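Okay, so the sequence shown: first residue is 16 according to the numbering used here, each after it adds one.
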Amino acid sequence: MNKLNSKKILLIICGGIAAYKSLEIIRIFKKKGALVKTIMTKSAKKFVTPLSVTSLSQEKVYSELFDYNNEAEMDHISLSRWADIILIAPATANTISKLSYGLSDDLASTVVLASNKPIFIAPAMNVRMWEHPANKENLYKLKNFGYQIIGPDIGDMACGEYGEGKMTEPDNIVNYLNHYFKKIINNKKFKALVTAGPTHEYIDPVRFISNKSSGKQGYEIAKSLKKNGIETTLISGPTILDPIPGVNLIKVKSAKEMFNETLKNLPADIAIFSAAVADWKVKNVEKNKIKKKDKLNLNLEKNIDILKHISNHNSLRPKIVIGFAAETNNLANNSKKKLLEKNCDWLISNDVSDPKIGFNSDYNEVTIFYKNKNQEKISKIKKSLLADKIVERVISQLN
Ligand code: PMT
């Protein structure tokens with residue numbers, strides 16, 4: 016089914032022999048009713064002419080970063096805001112490298128850096144360039160930025176060699192994007208709630224009990240849900256992280272506030288509790304700063320268990336409830352126990368005794384314990400990529 020009708024595609028054409036295939040990409044997009052604006056890099060123009068691109072897209076070709084006519088008409092920011100998605104096809108090793116470093120020395124790289132839209136990259140290069148560790152590292156960075164890589168294919172190359180690096184055929188690129196829009200439209204009907212970060216349980220106006228959670232894992236999960244078209248609310252304890260465009264962010268401090276906001280933002284189809292909620296709170300919070308003394312006894316009481324409350328709620332329980340478990344020892348046994356005690360559908364367990372993963376790190380290593388007793392280990396991976404894997408599994412279960 017055609018989901019490309021009226022979609023706004025910004026196509027960036029880089030300088031490689033596969034550039035001639037971008038003409039076919041434009042032709043298919045137009046046939047499917049998409050609106051196509053194009054940016055050509057300086058070297059792209061050595062392979063295809065702007066006139067051919069303009070004739071097919073029925074739009075002017077953008078090329079110059081500092082073009083007074085463009086600035087008046089459509090600057091680099093407006094171009095990226097106009098688009099529903101950005102497709103870079105062909106994406107050369109040079110452009111991939113520039114994007115991985117966040118360079119912005121021409122219109123194409125500046126538009127990508129300034130973009131808040133999904134970015135798709137269809138690489139095309141010689142097999143040795145494709146296999147070079149530098150290129151692999153650059154692509155790994157781009158995947159981490161959330162860019163989606165289409166292909167490349169294996170086959171005979173224009174240079175006479177054979178191997179991986181051929182740009183994916185135009186039909187397949189367009190089908191990939193059609194499938195993407197289909198997925199986004201389908202997922203729009205789902206609602207998700209994510210908790211993230213620590214909570215602060217105040218002792219007096221200036222001191223609190225908390226933990227080392229940075230919120231990174233929960234924010235990455237919310238980002239990935241949003242990227243997949245799911246309406247997402249993120250209830251976050253105190254963190255230094257930036258809000259995620261398009262995600263409904265609710266900032267809280269204490270477990271009690273997190274609980275209240277969770278209730279207010281249900282029902283949802285899916286709830287992911289990645290927050291490191293403080294287990295205890297101070298029974299009587301002092302109104303004024305407590306004066307320094309040799310000893311201080313705190314009267315603590317248990318905080319409400321948000322996850323347990325929701326997963327046992329008759330009417331508010333989402334279809335999928337996922338808990339996290341921060342463990343320092345006996346990970347498997349503790350997690351299996353927690354899965355049952357908290358009545359969740361999956362429990363994602365991480366070992367927080369290793370400073371290289373878990374709390375505050377950009378990496379995590381987890382085992383997912385499923386209600387049906389299956390379990391799945393995901394070895395050390397960037398939190399953003401782990402989030403994508405979790406969300407991919409969530410979507411397949413929701414469907
Ligand atoms: O924030 P980062 O720096 O990125 O680190 C990520 C993380 C390590 C915090 C995250 O991956 C993680 O493990 N989060 C859960 C930490 C935790 O509190 O684990 P727990 O075993 O104490 O709690 C189990 C589950 O119950 C969690 O889903 C927790 O959100 C929930 N819970 C706990 C207590 C409580 N009062 N209410 C809750 O909802």
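Ideal Cβ placement from N, Cα and C applies to all residues, glycine included.
The structure displayed is predicted, hence computed values, not measured ones.
- The beta-carbon distance between Thr214 and Ser225, rounded to whole angstroms, is 7 Å. This is short enough to meet the 8 Å contact definition.
- Between Lys227 and Asp284, the C-beta gap is not smaller than 8 Å, which leaves the two residues out of contact.
- Short of 6 Å from the beta carbon of Ala340, and not among the five residues preceding or following it, lie these beta carbons of its own chain, in chain order: Ser350, Lys353, Leu362 and Ser364.
- In the displayed model, Asn109 falls within a helix according to three-state DSSP.
- For Pro282 and Ile410, the gap between their C-alpha atoms comes out near 17 Å.
- Of the candidates Glu74, Asn109 and Lys132, Lys132 places its Cα closest to the Cα of Ser95.
- Proximity to Asp377 across Val292, Gly230, Lys323 and Ile265 peaks at Gly230, based on C-alpha coordinates.
- Contact check for Lys158 against Asp168 fails: the beta carbons are separated by 8 Å or more.
- A distance criterion of 7 Å places the beta-carbon of Gly166 beyond contact range of the ligand PMT, judged by its closest non-hydrogen atom.
- In this structure, the C-beta of Leu278 stays at least 7 Å away from each heavy atom of the ligand PMT.
- Going by DSSP, Glu272 is part of the alpha helix (DSSP H) stretching over Ala270 to Lys279.
- Residue burial annotation: Gly117 is exposed, with fewer than 16 other C-beta atoms found within 10 angstroms of its C-beta.
- Comparing alpha carbon positions, the residue from Ser58, Thr69 and Asn299 closest to Asp121 is Ser58.
- For Ser37, the enclosing alpha helix (DSSP H) begins and ends at Ala34 to Lys46.
- With a 10 Å radius around the Cβ and a threshold of 16 neighbouring Cβ atoms, Ala149 comes out exposed.
- Distances between the C-beta of Ser124 and the heavy atoms of the ligand PMT are all 7 Å or more.
- Cβ contact annotation for Asn201 (same chain, cutoff 8 Å, sequence separation greater than five): Gly244 and Asn414, in chain order.
- When rounded, the separation of the alpha-carbon atoms in Thr56 and Ala34 is 11 Å.
- Taking 7 Å as the cut-off, the C-beta of Asn318 counts as close to a heavy atom of the ligand PMT.
- Around the beta carbon of Met16, fewer than 16 other beta carbons lie within 10 angstroms, which makes this residue exposed.
- Under the DSSP assignment, Gln412 falls in the alpha helix (DSSP H) whose first and last residues are Lys398 to Leu413.
- Rounded to the nearest whole angstrom, the CA to CA distance from Asn344 to Val367 is 9 Å.
- For Ser251, the uninterrupted beta strand (DSSP E) segment begins and ends at Glu246 to Ser251.
- In this structure, Leu26 lies near Leu102, with their beta-carbon atoms less than 8 Å apart.
- Lys204 and Glu246 have their C-alpha atoms some 8 Å from each other.
- Collapsing the DSSP output to three states places Ile259 in coil.
- Taking all protein chains in view, the Cβ of Asn141 is crowded by 16 or more other Cβ atoms within 10 Å, so the residue is classified as buried.
- If you check the CB distance, Leu71 and Phe135 do not come in under 8 Å.
- Between the ligand PMT and the CB of Leu401, the shortest heavy atom gap is not smaller than 7 Å.
- Ser93 and Val126 have their C-alpha atoms some 9 Å from each other.
- Taking 8 Å as the cut-off, the beta carbon of Leu400 is found no closer than this to the beta carbon of Val381.
- Of all C-beta pairs linking the region 315–331 to the region 262–277, three or more are shorter than 8 Å, placing the two stretches in contact.
- Look at Val127 here: in three-state DSSP terms it is helix.
- Lys308 sits exposed, since fewer than 16 C-beta atoms from the chains shown fall within 10 Å of its C-beta.
- Taking each of Met144, Ile188 and Ala173 in turn and checking the Cα distance to Ile164, the smallest one comes out for Ile188.
- Rounded to the nearest angstrom, the gap between the Cα atoms of Leu278 and Ala293 is 18 Å.
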